[in-house]
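Undergrad: I am attaching a structure below and will ask some questions about it afterwards.
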Amino acid sequence: MRAAGVRQLGAAVETLELPAPRALRPDEVLIEVQASGEGNWDEIVRTGGWDLGARPPLALGVEAAGLVVATGDRVAGVTAGDRVTTHSLPLREQGAWAEQHIAAARPA
Amino acid sequence: MHLLPAERSGHRIIDGERVCEAIAAITCPSAAIPARAQAFAVLGDPTRLTLLIAIKAAGPISVSDLAAATGLNDTTVSQTLRYLRAAQVVSAERDGRVIRYQLADGPVMALLAQ
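As you go down the protein sequences, you meet chains A and B in turn.
Take 3 as the starting number for the first sequence in the working numbering and just add one per residue.
Take 8 as the starting number for the second sequence in the working numbering and just add one per residue.
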């Protein structure tokens, strides 16, 4: 999938071709990202100041809005097709500046 | 002087044992200097610190209640909370249309407790 991020910490942001998202764990949802947030914290992450739990090559971004396309086995209250927002940290796999984003299925 | 790196062996040393104690303190895993420096940086802003103290005392608490309590406007509170969420210092929980914020476990919460 296409994403915007860095090949290594401190590098310039560029378009990346990342592997498709892995299989979901029981508490996760897969979101087709329609919009994602940006802020000064993304610069802190880009330069290695904050560890969000994932290593480069890394899509940046921690906020996403979009459509749920799949849910893990133990996810309740959210189903495919739902419009959701997420701010899921630590990152489950990749950041939110990507075509798809894995997030923990929490109510906020 | 067993802890002094070879490249610093030419330094003039007055109290060798103190030098070793200092080296041990900054190199042991519990020093966690990058993580603690991050935590101090998060706290090193008056707006962020104001909100964190308010959230510690009154959380889970909403954006509008934080704005009323602190005198900051909703936009400033909301933007600062986005930063604090990205820093994994606060977490959010949704209750219908209201989102309330609380402190997350971690080094910042430990610092605020002091």
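Ideal Cβ placement from N, Cα and C applies to all residues, glycine included.
(1) Give me the Cα-Cα distance between R108(A) and A67(A), rounded to the nearest whole angstrom.
(2) When the Cα atoms are used, what is the spatial distance from A110(A) to Q121(B)?
(3) Report the neighbours of Q45(B) on chain A: residues whose CB is nearer than 8 angstroms to its CB, in chain order.
(4) Under a three-way DSSP split, which group does V84(B) fall into?
(5) Check each residue of the segment 89-101 of chain B: if its Cβ is closer than 7 angstroms to any Cβ of chain A, include it; give the result in chain order.
(6) Closer than 8 angstroms by beta-carbon distance: list the chain B residues that pair up with L69(A), in chain order.
(7) Which word fits L62(A), buried or exposed, when buried means at least 16 other C-beta atoms lie within 10 angstroms of its C-beta?
(8) Could you check which residue in L91(A), P28(A) and N42(A) has the C-alpha nearest to that of V77(A)?
(9) Using alpha carbons as the reference points, say which of A32(B), L59(B) and H18(B) lies closest to L110(B).
(10) Bridge partners of Y108(B), per DSSP?
(11) Go through the segment 26-83 of chain A residue by residue and report every complete run of the alpha helix (DSSP H) that reaches 4 residues or more, in order.
(12) R101(B) and S69(B) look like a contact to me (Cβ under 8 angstroms); what is the Cβ gap, rounded to whole Å?
(13) Say whether chain B places a C-beta atom closer than 9 angstroms to the C-beta of P58(A).
(14) Taking Cβ-Cβ distances below 8 angstroms as the criterion, which residues of the segment 79-90 of chain A are in contact with chain B?
(15) Could you tell me whether any Cβ in chain A is nearer than 9 angstroms to the Cβ of A117(B)?
TA: Well, looking at it:
(1) Cα-Cα distance, rounded: 14 angstroms.
(2) Reliability of the predicted coordinates at A110(A) is poor, the pLDDT of 49 falling under 50, and no value is obtained from them.
(3) The answer, in chain order, is G51 and W52.
(4) helix
(5) R89, Y90, R92, A93, A94, Q95, A99, E100 and R101
(6) Near L69(A) there are no residues of chain B at all, since even the closest Cβ is about 18 angstroms away, more than 8 angstroms.
(7) buried
(8) P28(A)
(9) L59(B)
(10) I68(B) and A99(B)
(11) 42-48
(12) So it is not a contact: roughly 11 angstroms between Cβ atoms.
(13) no
(14) H89
(15) no
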